[in-house]
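Undergrad: Here you go, one structure.
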C-alpha cells in the first residue's frame, strides 16, 4: 500500500518550501531545475493567463450540452386519447395495449426519437442505446486518444480536434433515419468528446503556478456548468420543435468556436519543454508573463542542463515505466476506482431526474444551478482544505442523501427532490476536487494519459447509469440505493492516495518519487 499522509494534516502548506530547501542543499543555486524555472515564471496569475483559461474553457459549454442532450431528445413525450367516447382509452391506460387509432402524441410526431421512430413500446435497452453508445464511446475514445496529448499532437491540437469532431458528429445526427444510425453517430460523438475536459484541465494546470491551479480549474468547471444551465432553456424554447433542432442549436456554435478560437490558444509550456521545443516554450512563457521577467527567463533557461530538455519523448516507454513502478500503478488504479464511483453517481443523478415525480425542466435546471455553488465551495476547499478530506467528506454526504432518497415513500416528492439535490451538490464538489487532484498525482511526461485514464474510469461508471436509471423506474433502491452504496464504499479509496496540496508539479517519474519521499519524511 502506498504510504499516505494524515487526512486532516495542515503540514502540506510548507511542503514545497521544504522541497526547495532540500534542492538547494543538493544542487548549486546557479543551476536551476526546469520545474523551478516554470513555477517561478508562472507564479503570478495575469491577464494573459486568464484569457487563455477562458478561451479553452469555452469549449466545455458544448461538451456539457452534448453529454446531457439525450434527456430531452431521447425522452418519451406525453400523449392523449383521440376519441374517448368510442374507446376504452384513458390517461391511465397502457399505451402498448391501445391501437394507433385510439391515441396520439401531444404536439409533433417527431418531437423526440421515441415518437418519430415509434419506440414507445420498445425495450428500455433499445431506447437507452443512444445514451449508452455515447458513454461507451467516451470510455473507448479516452483509451484511444489519451496518449496523443502526451506525444505527437500535444494538449492544444488534441483539444481542438476533439471539440471539432464532437460537434460535427452531433450535427450529423440530424440526418439519422433510424435509431441504429443515430446510436452510431452518438458513439462517434462520444469518442471525440472523451478528451475535451482532460486536455483543458491539463493545459490549465500547466499554464499557472501551484497557487492558482484550483482557481483555473474552477474557471473550467464554471463554463461546464454554463453549458449545463443553458441546455434546459434551449430545450424548453424548442419544446414544440423536432429533436433535430436541439442538435442544430448546440452543434453549430461548437463547430464555429473550435475553428475561431484555435489560433489564439497557446500550447502548454511544460509539454513544449519536454518535447524539445525550447524556443516555442520560452515564447509561450513570455506571452503569459510580464515583460520585466523576460531577461531573467532567458538567463534561467540558458542555465538548464541539456538533459533536462529532451528532444524526443518515447511516450510508450514512459507508459511502460508507469506500469512497472508499483507505486504509480497502485496510485493510478486507486484513483480510477474512486473515479468510477463518482462517475456512476454524478451522471446517474443528472440523467435520472426523469424518475422523480417532478417537472423534468425544473429538476434539470435546479441540478444545473447547483453546479455554481458547488464550484464556489470547490475553490474554497482547494485553497484551504486538503484534497483527500474534501473528497471523502462529500462522498459520505452523497451516499447518505442518495440512500434517504431511495427509501422515501410516495407522497413525499418534495423531500425526495431535496435529498436528490443535496446528493447531487455533494457529488459535484467531490467530482470537481477529484479532477484537479488527478492532474497533480502524476508527472508531466504521462499527465495527459493518466488524467485521461481517470476520466475514462468516470465514463465507465457512467455507462452503467442508464441501466440503473431504467431499473429504478420500478424500484428506487435499484437506482438511488445503488448510487449511495457505491459512493460510500469507493469514496474511502481516497485514503490510499497521497496529499498534493501545496506541491509543485513534477515533470519526470524521478522528480515525482523524490517529492513523494520528502512528503513521507515530513509526515
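In my numbering, the protein residues as written are 956 to 1478. For each residue, glycine too, the CB sits at the ideal point set by N, CA and C. All figures in this text were calculated on a predicted structure; none of them were measured in a lab.
(1) Can residue 1023 and residue 1305 be called in contact, C-beta distance under 9 Å?
(2) How about the stretch 1161 to 1174 and the stretch 1289 to 1298: do they share at least three Cβ pairs that are nearer than 8 Å?
(3) Hey, is the stretch 1137 to 1152 in contact with the stretch 1083 to 1096, meaning 3+ C-beta pairs nearer than 8 Å?
(4) How many Å lie between residue 1109 and residue 1031 at the Cα?
(5) Compare the Cα-Cα distances from residue 1386 to each of 1279, 1288, 1337 and report the closest residue.
(6) Where does residue 1058 sit, in a helix, a strand or coil, going by DSSP?
(7) Alpha helix (DSSP H) containing residue 1036: first to last residue?
(8) Does residue 1452 come out as helix, strand or coil in the three-state DSSP assignment?
(9) Select from 1103, 1182, 1181, 1204 the residue whose C-alpha is nearest the C-alpha of residue 1192.
(10) Do residue 1105 and residue 1198 have their C-beta atoms within less than 9 Å of each other?
(11) What number of angstroms, rounded off, separates the C-alpha of residue 904 from the C-alpha of residue 1019?
(12) So, helix, strand or coil for residue 1162, using DSSP?
(13) Under a three-way DSSP split, which group does residue 1322 fall into?
(14) Give the list of continuous alpha helix (DSSP H) stretches no shorter than 4 residues that lie fully inside the stretch 1073 to 1132.
(15) Going by C-alpha distance, which of 1125, 1380, 1467 is nearest residue 1353?
(16) When you compare only the Cα positions, how much space is there between residue 1082 and residue 1074?
(17) If I follow the unbroken alpha helix (DSSP H) through residue 1344, where does it start and stop?
(18) Just the C-alpha distance for residue 902 and residue 1371, rounded to the nearest angstrom, thanks.
(19) Taking residue 1415 as part of the alpha helix (DSSP H), name the residues at either end of that continuous run.
(20) If you draw a straight line from the C-alpha of residue 1362 to the C-alpha of residue 1446, how long is it?
(21) Pull up the distance between the alpha-carbon of residue 1292 and that of residue 1156, whole angstroms please.
(22) Going straight from the alpha carbon of residue 1391 to that of residue 1343, what length do you get?
TA: Looking at the coordinates:
(1) As a first step, residue 1023 must be located in the chain shown, where it is residue number 68. As a first step, residue 1305 must be located in the chain shown, where it is residue number 350. Yes; because the gap between Cβ atoms is below 9 Å, this pair is in contact.
(2) no
(3) yes
(4) Counting from 1 along the chain shown, the entry for residue 1109 is found at position 154. Counting from 1 along the chain shown, the entry for residue 1031 is found at position 76. Near 42 Å, if we compare the C-alpha coordinates of residue 1031 and residue 1109.
(5) In the chain shown, residue 1386 corresponds to position 431, counting from 1. For residue 1386, the nearest C-alpha among the options comes from 1337.
(6) Along the chain shown, one-based indexing puts residue 1058 at 103. In this structure, residue 1058 counts as strand in the three-state DSSP scheme.
(7) Walking along the chain shown from the start, residue 1036 turns up at place 81. Per DSSP, residue 1036 belongs to no alpha helix (DSSP H); it is in the beta strand (DSSP E), 1034 to 1036.
(8) Looking up residue 1452 in the chain shown gives position 497. Residue 1452: coil per DSSP, three-state reduction.
(9) The residue you call residue 1192 lines up with position 237 of the chain shown. Among 1103, 1182, 1181, 1204, the Cα nearest to that of residue 1192 is on 1204.
(10) Walking along the chain shown from the start, residue 1105 turns up at place 150. Walking along the chain shown from the start, residue 1198 turns up at place 243. Cβ atoms of residue 1105 and residue 1198: not closer than 9 Å.
(11) Residue 904 lies beyond the stretch modelled for the chain, which goes from 956 to 1478, so this question has no answer here.
(12) Reading the chain shown from its first residue, position 207 is the one you call residue 1162. It is coil, neither helix nor strand.
(13) Translated into the one-based positions of the chain shown, residue 1322 becomes position 367. Looking at residue 1322 - three-state DSSP - the assignment turns out to be helix.
(14) 1079 to 1082, 1084 to 1105, 1109 to 1127
(15) Start at 1 with the first residue of the chain shown, and residue 1353 comes out as number 398. Comparing Cα positions, the closest option is 1380.
(16) For the purposes of this step, residue 1082 is identified with residue 127 of the chain shown, where counting begins at 1. For the purposes of this step, residue 1074 is identified with residue 119 of the chain shown, where counting begins at 1. Taking the straight line joining both Cα atoms gives about 7 Å.
(17) Working through the chain shown from its first residue, we reach residue 1344 at position 389. That run of the alpha helix (DSSP H) goes 1342 to 1362.
(18) The question about residue 902 has no answer, for the chain in this structure spans 956 to 1478.
(19) The sequence position of residue 1415 within the chain shown is 460, counting from 1. Looking at the DSSP string, the run of the alpha helix (DSSP H) that includes residue 1415 is 1399 to 1418.
(20) As a first step, residue 1362 is located in the chain shown; it is residue number 407 there, counting from the start. As a first step, residue 1446 is located in the chain shown; it is residue number 491 there, counting from the start. When rounded, the distance between both Cα atoms is 21 Å.
(21) Counting from one through the chain shown, the residue named residue 1292 turns up at place 337. Counting from one through the chain shown, the residue named residue 1156 turns up at place 201. Each residue's alpha carbon lies about 20 Å from the other.
(22) Translated into the one-based positions of the chain shown, residue 1391 becomes position 436. Translated into the one-based positions of the chain shown, residue 1343 becomes position 388. Their backbone Cα atoms lie some 12 Å apart in a straight line.
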